[in-house]
Each structure stands twice: as C-alpha cells, then as structure tokens.
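To start, the structure itself, in structure tokens.
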Amino acid sequence: TFYKQLKIENVKPNRLKLKIDFDKEVLSSNKPLQGSLDVKWLHGAPAKNLKADIQVKFRPNNSGFKNYKNYVFSDPTKEFTSEETTVFEGKTNDEGLATINTNLKVEKNAPGMLTASFLVRAFENGGDFSIDAFSKPYAPYESFVGLKSPNPQAYGSFFTDETQTFDVATVDKDGNPVKRDSLEVKLYKIEWRWWWSSSYDNLSSYISSKYHLPYKSFTIKTDVNGKASFKVNIPDDDRGRYLIRIFDPKSGHATGRTAYFYKNWWHIPTGDKDAAKMLVFSADKEQYNVGETAKITFPSGNEGRALISIENGTEVLQQQWVATKKGETQVDIPISKEMAPNVFVNISLLQPHVITAKDNTLPIRLYGVIPLNVENPNTRLNPQLKMPDVLRPEQEFEVSISEKNNKAMTYTIAIVDEGLLDLTRFQTPNVWDEFYKRQALGVKTWDIYDDVIGAYSGSIDQVFAIGGDGSAAAGKNKKANRFKPVVKYLGPFHLNAGDTQVHKVKLPNYIGAVRTMVVAGNNTTEAYGSTDKSVHVKKPLMVVASLPRKLSPGEKVTLPVTVFAMESKVKNVSVSLKLSDGIKVLGEQTQSLTFAKPDEQMLFFDLDVTKDNSIQTVEVIAKGNGENASYKVEMDVFNPNPYTSKYHTITLEPKATQTISFETFGVPGTNKAQIEFSTLPPMNFTGRLNYLIRYPHGCVEQTTSSVFPQLFLMEIFDLPYDKKQEVQKNIEKGIQRLAQFQNPSGGLGYWMGETSVSDWGTSYAGHFMLEAEKQGYVLPVMFKTNWLRYQQK
Numbered sequence: 010t011f012y013k014q015l016k017i018e019n020v021k022p023n024r025l026k027l028k029i030d031f032d033k034e035v036l037s038s039n040k041p042l043q044g045s046l047d048v049k050w051l052h053g054a055p056a057k058n059l060k061a062d063i064q065v066k067f068r069p070n071n072s073g074f075k076n077y078k079n080y081v082f083s084d085p086t087k088e089f090t091s092e093e094t095t096v097f098e099g100k101t102n103d104e105g106l107a108t109i110n111t112n113l114k115v116e117k118n119a120p121g122m123l124t125a126s127f128l129v130r131a132f133e134n135g136g137d138f139s140i141d142a143f144s145k146p147y148a149p150y151e152s153f154v155g156l157k158s159p160n161p162q163a164y165g166s167f168f169t170d171e172t173q174t175f176d177v178a179t180v181d182k183d184g185n186p187v188k189r190d191s192l193e194v195k196l197y198k199i200e201w202r203w204w205w206s207s208s209y210d211n212l213s214s215y216i217s218s219k220y221h222l223p224y225k226s227f228t229i230k231t232d233v234n235g236k237a238s239f240k241v242n243i244p245d246d247d248r249g250r251y252l253i254r255i256f257d258p259k260s261g262h263a264t265g266r267t268a269y270f271y272k273n274w275w276h277i278p279t280g281d282k283d284a285a286k287m288l289v290f291s292a293d294k295e296q297y298n299v300g301e302t303a304k305i306t307f308p309s310g311n312e313g314r315a316l317i318s319i320e321n322g323t324e325v326l327q328q329q330w331v332a333t334k335k336g337e338t339q340v341d342i343p344i345s346k347e348m349a350p351n352v353f354v355n356i357s358l359l360q361p362h363v364i365t366a367k368d369n370t371l372p373i374r375l376y377g378v379i380p381l382n383v384e385n386p387n388t389r390l391n392p393q394l395k396m397p398d399v400l401r402p403e404q405e406f407e408v409s410i411s412e413k414n415n416k417a418m419t420y421t422i423a424i425v426d427e428g429l430l431d432l433t434r435f436q437t438p439n440v441w442d443e444f445y446k447r448q449a450l451g452v453k454t455w456d457i458y459d460d461v462i463g464a465y466s467g468s469i470d471q472v473f474a475i476g477g478d479g480s481a482a483a484g485k486n487k488k489a490n491r492f493k494p495v496v497k498y499l500g501p502f503h504l505n506a507g508d509t510q511v512h513k514v515k516l517p518n519y520i521g522a523v524r525t526m527v528v529a530g531n532n533t534t535e536a537y538g539s540t541d542k543s544v545h546v547k548k549p550l551m552v553v554a555s556l557p558r559k560l561s562p563g564e565k566v567t568l569p570v571t572v573f574a575m576e577s578k579v580k581n582v583s584v585s586l587k588l589s590d591g592i593k594v595l596g597e598q599t600q601s602l603t604f605a606k607p608d609e610q611m612l613f614f615d616l617d618v619t620k621d622n623s624i625q626t627v628e629v630i631a632k633g634n635g636e637n638a639s640y641k642v643e644m645d646v647f648n649p650n651p652y653t654s655k656y657h658t659i660t661l662e663p664k665a666t667q668t669i670s671f672e673t674f675g676v677p678g679t680n681k682a683q684i685e686f687s688t689l690p691p692m693n694f695t696g697r698l699n700y701l702i703r704y705p706h707g708c709v710e711q712t713t714s715s716v717f718p719q720l721f722l723m724e725i726f727d728l729p730y731d732k733k734q735e736v737q738k739n740i741e742k743g744i745q746r747l748a749q750f751q752n753p754s755g756g757l758g759y760w761m762g763e764t765s766v767s768d769w770g771t772s773y774a775g776h777f778m779l780e781a782e783k784q785g786y787v788l789p790v791m792f793k794t795n796w797l798r799y800q801q802k
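To convert a position in the sequence shown, counted from 1, into our numbering, add 9.
Structural data, given as structure tokens:
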C-alpha cells in the first residue's frame, strides 16, 4: 500500500512567465542582492513596461550543512520572527527585463542559516497578475559554528561522573571549513520545568533570567579543517539540566543545546569503549552497476572470523563466513539485480575468546554497516518525444512517441498549461528516481555475545542508526467556470519493442505555453523513464482580457483588452464584444487598432451590469488581415446583500374586509410577495420555511438541523409543486453530505474529514437517516450497516 496527498483548490493559471536569476546560490548579509527579472507572456512575447514587485520573508533553516551531518548550527537562545518586506518594486523595460539591486538585512536575532522565501508578482496593464514563489538559503553571519553531541542515553540525556566529548565545527556560508582561534564555550545550569520540556524550548530569556546559573566557561579553537572538541564531566552533586552554548565573537553566531545529566545507577563507569565496538571498513566505490564486483576491505587479525551479511530494506539477500587475515581482509561481493537500488553490508568480526579474556578492554565482537548504491541499467527507459516546436490553438498536431533503445513500454501523455505548472514550479515526474530511491535498512540484528563470560561487546543499537528513507522509520450554487484549464491526459498506451506511435491532439482556444510530459514504465523489467517538452501556443493575432471574479447589478466596470499582432502582415484589427443578456456596453461595441510592426496594444470597453444572480459571459473577438482570435470569460453576478423580509400581521373578523397598502422593495427581479392564511395564531411559517431551505451552515449537527424538519414540511403545509421538488432535492443532498462525515468506524465526525467521532452528532444524524428511509429516501450503501455497528459498540 501507499499514500499520496493531493491538494485541491481554486487557482488561476499564470499568463506571464517569470524568471528570476540571482548572482549567488547562497544569499548573504554582507553582499547586496543582485539579479535580474525576465518577464514574458507565456506565448513568448516580451512583457514590456509591466509593473512588478518582489517580497521576501525569512524563516529559520535547521537543515545544517551538507558535509556536517549530526551537527547543530542553530542557537537555541534566540527566538526569530520576520515580517514580509518588499525588496523590489519597479517596471520591466521594452524587453521585459528588470534589474534587482538591493540589500537584504535581518535583525541580529537569527539563530543560524535562514531560508528566504520570495514572492514575485508581475502585473498586466489590465490589472491581472501572475506569480512565482521560490526559496533561497540566506546567511545572516559571515561564518557559523556547529555542535555535534556524543550518543546520549534515554531522552537525549547523559550520565554524571562520566566524560562526554562534544565536537565543534566552524564553516562559512557555503559549508567550507574556516579556522577560528577563540570560540567561547559556556555552560549554564538551568532550572528544570516540565512545561518547558513538553513544548517549545524557548531559551531566549535564560541568559538573563533567574532560572539559570553560569556553571563553567572556557575557550577553544578550531584547526584549518574547522574542527575542534571539548570534554564535559558533570559531578553527580551538580546533576540537572544544562545549556551548552558555543559563541564565535568574530562572526557573532552561536550554537548550543540543552541536556540533562543524571546518575548512572546500573554500572560503574568504565570509560568510553565506543571506538572498540565499531568496525570501520570501506568499499572501493560508492556506486555500482549490476554485474560489477564490490571490494570490501576491513582491518582484522589473523585468527578471527567475519560474518558478511548483505541486506536490503526487507530481507537478508546473502551471507558468508570468511577467515580474516592479519592487518586487512578483502571480500569480493558480486553485484546482482536484486541489490538495486541499494543494499547494506553488515560485518560482524569475531575475535578469539582466548585473546579477549586476557584483555577485557578488547571486544569479542566488532561490527559495522555501510551502504552500497546499485543501479541496473536495464531498469531505465528513455522515451523519445517528437512534436512541433510551436502550436496553434484549435489546430490538430501530432505527438510521436518511441523508446531510444527500442524497448517495449507502457506510457501516458499529459499536456498541461505552463501557467498552471508555474504556480508550484512543478517538475516532470522522475519515476525512475521515485521507484529506485534509496531504501532504509529493514533488517534488525541481535546476537548473544554480551552473554559470553569474560567478553565485552557493547550494544549494537547504541552504535549505528543507518537509514535511507527517513519516512521508513516514522510512520452549493453553480459558479462561473472562469478558467477552463488546458489539461489533456492521454493513455495509457502500450508501445511494442522497436515501434513508434503517433497521437493526434487538438488544443482548445488557448494561447500561452504547454508542457507535454511522457511517463513510461515496464512491469516485466521494472524499468521506468520520463521526458518532456515545452512549446509555445500562439497565432499571428491573439487577444486576452481581464475581468473581476464577481460583480453586482448596477455596477460599472472597465474591460481592458490586450491585442497581440505577432506577424507584420497583421496591420488593421477590429475588436468587438459578444455579451450575454445581463451586460451592456456603454459606448461603441467595436473598436479598431493599427499596427505598424509586430507589437501589443491595449484598448478598453466600459460595461454596465444589469442582471442579478446569474453567470454572465463576455467574449472578445478580434479580426484583422484574414486572422481571427477570440477570448471568452465567465463571471458571477450576484447581489452581496442579505435577503430582507417584511411581515404584516392582520386579524380579520368574520365577514370583514381590509385593504392592505403594499409597496415592493429590493432589487427588481428578486422581490416577491406571499400571503399566508391561518386559523391559528400567526407563526410566519413561510418565513421559517424559506430560512430552512437556505440554511447555510455545514457541520454534522447543523446539516442535520437544516434537513430534518424538511422531512415533515408537507405534513404541515400544502406546498406547491416547485417547493416540493426543492425540499426533496435538499433532503437528498443532505443525505449525501452526511454520508461524507462517516468514518471507517461507522461513527460521524463533527466536521467533515475529522477522524474523531462525535457521539451526539452520530446519533442525531443517524436518527434523521432512519426517518428519511421510512419516507422512501435511499440511504448511501453501507451507511446504515456501519452506523448500526458503531452504535452497538
């Protein structure tokens, strides 16, 4: 089984292509932010003279540096927050380019490396805009100091009366080692508070608060490799919680951690024998292909034996015993296809008991694990994609698919608007990397060498924690469809070995750019591959327009229209509007433009919204020199004001007549009047009925409350046919909606998607469902069975 999260939301695709380049991959505080912004229309034309802005917000980056695993480069005594700031605001030139030159500064409370999150916006002259979001590492300090702790006991704690060695590293912003001569190491004893430990460890006030006690301070220096170490031994009389902090006065950066030191009640300290437990060995390469031989070398004596175990994420693939040689032993391991994508070489080296019994500082068993990355070239597919470099909307084109090495494969084709893909910087799926990503070691190893009399071995689970994949260890109303996405998904198709297949495709009335993505696989050989191609979609004459998402009756709006003449033959263009019956043009419905050269121009139409509560359409039609183009957009027109009702109560005596003075109010076309007769005291049944039918809320209790009374309305009122139909639809929708609250247990969550069950909501909604079933409504399959099962528990 597997799971995949899918994001579902309303989005508007970009119409502009935003490309931003900075001079440096890692941004820093001591150098200005320099770069360039390149804005183009998706169809390739430069987006000239457009307003653009760039905003940035910083957040802590705790990922550290590449070659310093297990080092902490963050200062726990600093609390960092950041506001969004504007770092660029200006216009593009005639080529769609803009230059960025500014300084990025943050407050001095940065705990370490930061991540700068940029939001780039470019505004069309008509008011619409496109966005791009990305992140860059940002160095607020010239250099950074990191702390690596020894292997702790439970909950990250250490024993008192034992020497603990902490490693220190100093690096620049790119992770290169730097030498530092006077790092300040300080230990503070801090008061234990359980609420500090069970929530965020805010140490920002410890240095100046009554909850700390300066315990020890000294200086250390790192060598040319940026490395140093220091030792800490806390006497049992001083046991407690400590803050260990290392500060670099030259750069201003610090790092640290909190740790709890307590007495070791189980055995008398015997010194640090971790080095004796661990077997350090190596392979001749980091990456192997199937069919090659890996050469494993490890230090050894001439009277020992070694168990070589080859393991992957689920099983032991092979094992062998080898006799060791004095000084060094080499083992050859043939690489087979079962070892892809990676295996782990687990070596347990056994030394003769007669030797270890004489010297109890020598372990009877040493052990170690290293990974080997394995690639099987036969698991790679290389799909080939051929299609035109430029497409025209509403015109058929061919997509040709083959495999570079004439292999058979099954494939799919996805053609997607680049404006959609750019919203998240979506990359074409690399299926080979996904299926052959490094696996975590799934084999657990135990032995009984700890129980051999007079022998010392240590505990395996305290020495190594090797893994690959980190996740293996954790476990209403119809609305206007304003943007019809250009997404075409074709397949799956099967390609025979050596064949080429051709597919004919036609895009809708769209201009911009699309990416064609081919994803291929072969279940028999477990081979995978993918490829893509991005092309412009354009024609000699193009037009785009922008309108608000929603308008109200009586509002007036200006419609900006951008016309593109991409070829010199397009000289004179007429632009007209085709409108639905709820919108009128104020002024001329047709306008003209003249182009002296390929260019873009704008014109504007004033519109008046006349009709309420409907979906209105505006279609812009451009014609010129034998070329045609159109752009259609839908728009919601609604009145944002709430419904308003007025009630008049009149008592008629027998045989009496009264004349009612009546005036309408509200927006014409939405108002209506109803008269209600009753021999009972007035209850305003009509108003209450309308409220029930329009009840807006949506938790399990509110949904049930809105539809439960409607089951019995027809027993109280003589409803007209249209109202009966409306009530029936409401009840059916309510039944379907309530079914979506049900969990696998049979109970219902209070809100849709909640995993916890609301017992009250479950009983209330179930009661409604049973009553609805009595009246002939059909319940969703298994709803009643699962609901009863939950109630019986």
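Heads up, the beta-carbon is just placed ideally off N, CA and C, and yes, glycines get one too. Just so you know, these numbers come straight off a predicted model, no measurement behind them.
{"Query": "Threshold first: 4 residues or longer. Then list the alpha helix (DSSP H) segments lying entirely within the region 279 to 349, N to C.", "Result": "283 to 286"}
{"Query": "Under a Cβ-count criterion, where at least 16 other Cβ atoms within 10 Å of its own Cβ denotes burial, should residue 689 be classed as buried or exposed?", "Result": "exposed"}
{"Query": "Can you give me the C-alpha to C-alpha distance between residue 215 and residue 346, rounded to a whole angstrom?", "Result": "Low local confidence applies: a pLDDT of 45 at residue 215 is under 50, so the model's placement there is unreliable, with the coordinate-based value given in what follows. Rounded to the nearest angstrom, the two C-alpha atoms are 56 Å apart."}
{"Query": "With which residues is residue 682 paired in a DSSP beta bridge?", "Result": "Looking at the DSSP assignment, residue 682 forms no beta bridge with any residue, so it has no partner."}
{"Query": "According to DSSP, is residue 525 part of a helix, a strand, or is it coil?", "Result": "strand"}
{"Query": "Using a 10 Å radius around the Cβ and a threshold of 16 neighbouring Cβ atoms, would you call residue 15 buried or exposed?", "Result": "exposed"}
{"Query": "Leaving out five residues on either side along the sequence, give the residues of the same chain with a beta carbon under 8 Å from the beta carbon of residue 554.", "Result": "135, 568, 569, 570, 571, 627, 629, 640 and 642"}
{"Query": "Under a three-way DSSP split, which group does residue 187 fall into?", "Result": "coil"}
{"Query": "Determine the direct distance from the alpha carbon of residue 17 to that of residue 59, and round the result to whole angstroms.", "Result": "31 Å"}
{"Query": "Spell out the partners DSSP gives residue 400 in its beta bridges.", "Result": "546"}
{"Query": "Go through its chain and collect everything with a Cβ distance to residue 57's Cβ below 8 Å, but skip five positions before and after it.", "Result": "101, 102, 103, 104, 105 and 609"}
{"Query": "In terms of alpha-carbon separation, which member of 431, 716, 732 and 747 lies closest to residue 28?", "Result": "431"}
{"Query": "Using a Cβ-Cβ cut-off of 6 Å (strictly less than) and excluding sequence neighbours within five positions of residue 242, which residues of its own chain qualify?", "Result": "172"}
{"Query": "Measure from the alpha carbon of residue 407 to the alpha carbon of each residue in 538, 510 and 48, then state which is nearest.", "Result": "510"}
{"Query": "At which residues does the alpha helix (DSSP H) containing residue 799 begin and terminate?", "Result": "792 to 801"}
{"Query": "Verify whether the separation of the beta carbon atoms of residue 744 and residue 719 is less than 8 Å.", "Result": "no"}
{"Query": "Helix, strand or coil: which one does DSSP assign to residue 722?", "Result": "helix"}
{"Query": "Roughly how many angstroms lie between the CA atoms of residue 530 and residue 438, to the nearest whole one?", "Result": "12 Å"}
{"Query": "Count the CB pairs spanning the region 261 to 270 and the region 220 to 238 that are closer than 8 Å, and state whether there are at least three.", "Result": "no"}
{"Query": "With a floor of 4 residues, list each alpha helix (DSSP H) that falls wholly inside the region 581 to 662, ordered by position along the chain.", "Result": "none"}
{"Query": "By how many angstroms is the C-alpha of residue 326 removed from the C-alpha of residue 445?", "Result": "17 Å"}
{"Query": "For residue 35, which residues of its own chain have a beta-carbon under 8 Å away from its beta-carbon, when the five flanking residues on both sides are left out?", "Result": "145, 146, 147, 148, 182 and 183"}
{"Query": "Just the C-alpha distance for residue 297 and residue 233, rounded to the nearest angstrom, thanks.", "Result": "34 Å"}
{"Query": "Can you give the Cα-Cα distance for residue 441 and residue 495, rounded to whole angstroms?", "Result": "27 Å"}
{"Query": "Tell me the DSSP secondary structure of residue 360 in three-state form.", "Result": "coil"}
{"Query": "Between the beta-carbon of residue 44 and the beta-carbon of residue 32, is there less than 8 Å?", "Result": "yes"}
{"Query": "Quick check on residue 725: buried or exposed, where buried means 16 or more other Cβ atoms within 10 Å of its Cβ?", "Result": "exposed"}
{"Query": "With distances taken Cα to Cα, identify the nearest neighbour of residue 322 among 732, 645 and 450.", "Result": "450"}
{"Query": "For the region 151 to 160 against the region 92 to 101, are there 3 or more C-beta pairs whose distance is under 8 Å?", "Result": "no"}
{"Query": "Three Cβ pairs or more, each shorter than 8 Å: is that satisfied between the region 386 to 394 and the region 402 to 420?", "Result": "yes"}
{"Query": "How many angstroms separate the CA atom of residue 303 from the CA atom of residue 290?", "Result": "13 Å"}
{"Query": "Tell me the DSSP bridge mates of residue 772?", "Result": "Its beta-bridge partners do not exist; DSSP assigns none."}
{"Query": "Keeping to the same chain, check which residues put their C-beta closer than 6 Å to that of residue 418; ignore five residues upstream and five downstream.", "Result": "390, 412, 504, 529 and 531"}
{"Query": "Contact between the region 350 to 359 and the region 305 to 316 is defined here as three or more beta-carbon pairs at a separation below 8 Å; is this criterion met?", "Result": "yes"}
{"Query": "For residue 785, which residues of its own chain have a beta-carbon under 6 Å away from its beta-carbon, when the five flanking residues on both sides are left out?", "Result": "none"}
{"Query": "Note the first and the last residue of the continuous alpha helix (DSSP H) segment covering residue 739.", "Result": "730 to 748"}
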